[in-house]
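Worksheet: one structure, shown below.
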Amino acid sequence: QMSSSDLELHILTLLASSPIADTQHLATSMGVDHQALVGCVKSLEADEYVRSEVVARQEFAVTPEGREYVETGSPEFQVWRALPAGGELVDMNALNAQLSPDLVKIGFSQGMQRKWFKTEKRGKDVFVGRASEDVVDTVVEQLRTLSLGQPIDEPEFAKLKKRNLASVAVVKSFSVTKGPQYRPQRAALETDLTAEMLASGSWENASVKKYNFAAAG
9 QMSSSDLELH
19 ILTLLASSPI
29 ADTQHLATSM
39 GVDHQALVGC
49 VKSLEADEYV
59 RSEVVARQEF
69 AVTPEGREYV
79 ETGSPEFQVW
89 RALPAGGELV
99 DMNALNAQLS
109 PDLVKIGFSQ
119 GMQRKWFKTE
129 KRGKDVFVGR
139 ASEDVVDTVV
149 EQLRTLSLGQ
159 PIDEPEFAKL
169 KKRNLASVAV
179 VKSFSVTKGP
189 QYRPQRAALE
199 TDLTAEMLAS
209 GSWENASVKK
219 YNFAAAG
């Protein structure tokens, strides 16, 4: 873990050649905590070595339920997979017992929208079978894409979010540029103005502690 002084020096060194576009990306590339890096930026900014501006962006994530389906398949695909090939009909009660009523309820509803299933009512019982042998689990494909940090079409993301399979958050970081007092490294603060510094004029180039002249004493 880098010390605060090492982080500050690294920031100032980078700024010597170009601005820092995003502190989050920099922290990730350096393997350091983002908040620690921002703390150093704000410390440098207080002494006008740097200037910073907020960078806000949306960050997409897969929920725990979504991650589970990446491993097992979406509910609709699990229901489809449990049905015999060739369209043979299965009693819905047997399907509920094989999987789970909650999973079957979600999977059957979603699969019907995709025209994956066909049904037949026999008395009070409902039988279901495959309506197609050529299905693609696009939900899992989309969740895998999101888990890699890559975007998907907004309407498709909205569907995943509605199903609580994906989420979005606004993440804030900072861009950083040179400030009016920029130097390639932080200057040590002089303890006090001395008579020699005043006489020689060296005080003009020294970093002197700021004084609150309104304070008592």
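So the sequence shown is numbered by this note's numbering: it starts at 9 and just counts up by one. Cβ coordinates follow ideal geometry from the N, Cα and C atoms, glycine included.
Are the CB atoms of residue j and residue i within a distance shorter than 8 Å?
i, j, result
"L15", "L45", "yes"
"F116", "V98", "no"
"R122", "A93", "no"
"V179", "E61", "no"
"I19", "S183", "no"
"R152", "V78", "yes"
"V1", "G81", "Any answer about residue 1 is impossible in this case: the structure gives the chain only from 9 up to 225."
"K129", "G95", "no"
"P72", "I114", "no"
"L154", "V87", "no"
"G187", "V63", "no"
Is it right to say residue i is buried, meaning 16 or more other beta carbons lie within 10 angstroms of its own, or is it exposed?
i, result
"Q193", "exposed"
"A174", "buried"
"G119", "buried"
"P228", "There is no way to answer for residue 228, as the model of the chain reaches only from 9 to 225."
"G74", "buried"
"T199", "Residue confidence for T199 is low, a pLDDT of 48 falling below 50, so the modelled location carries little weight; the figure read from the coordinates is stated next. It counts as exposed."
"S181", "buried"
"Q9", "exposed"
"L52", "buried"
"V49", "buried"
"Q150", "buried"
According to DSSP, simplified to helix, strand and coil, what is residue i?
i, result
"D161", "coil"
"K186", "strand"
"R89", "helix"
"S175", "strand"
"D30", "coil"
"E16", "helix"
"M120", "helix"
"E149", "helix"
"T199", "For T199, the predicted structure reports a pLDDT of 48, less than 50, and the residue's modelled location is therefore unreliable. A value from the coordinates is still provided. T199: coil per DSSP, three-state reduction."
"G81", "coil"
"R194", "coil"
"L107", "coil"
"V112", "helix"
"E76", "helix"
"A166", "helix"
"S11", "coil"
"A24", "coil"
Could you tell me which residues DSSP puts in a beta bridge with residue i?
i, result
"S155", "Bridge partners of S155: none, in fact."
"S181", "V63"
"K129", "V134"
"V98", "V136"
Problem - In chain order, each beta strand (DSSP E) run of at least 3 residues that lies wholly inside the stretch 39-73 - result: 58-70
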